[in-house]
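First comes the structure, then the notes that go with it.
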Amino acid sequence: MPVIQINCNRLTREKKRELVKRVTEISSEIMGLPESTITVLIRELDPEDVGVGGSLLCDRE
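The working numbering applies: residue 158 is where the sequence shown begins, and numbers increase by one.
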């Protein structure tokens with residue numbers, strides 16, 4: 158049972174639906190597994206929750 162984790166910015170419910178649908182479809186095709194065995198987890202991150210190169214994304218210009 159593959160578990161696919163996606164960390165991203167805030168998404169609408171519709172975009173989450175499409176993301177889960179398409180990730181599941183392509184993963185099923187590539188791995189040769191039934192779609193029903195694939196789990197997709199979405200974790201939304203705000204810019205103040207992510208640091209790159211020693212700076213928060215919210216502080217970058």
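Heads up, the beta-carbon is just placed ideally off N, CA and C, and yes, glycines get one too.
None of the values given here were measured: they were computed from a predicted structure.
Discussion item. Can you tell me where the alpha helix (DSSP H) holding residue 176 begins and where it ends?
Written reply: Bounds of the alpha helix (DSSP H) holding residue 176 are 170-188.
Practice prompt. Answer yes or no: do residue 205 and residue 198 have a C-beta to C-beta separation smaller than 8 Å?
Written response: no
Worksheet item: From what residue to what residue does the beta strand (DSSP E) around residue 164 run?
Response: 160-165
Worksheet item: Who are the near neighbours of residue 207 in its chain, counting only those whose CB is closer than 8 Å to its CB and skipping five residues on each side?
Response: 213 and 214
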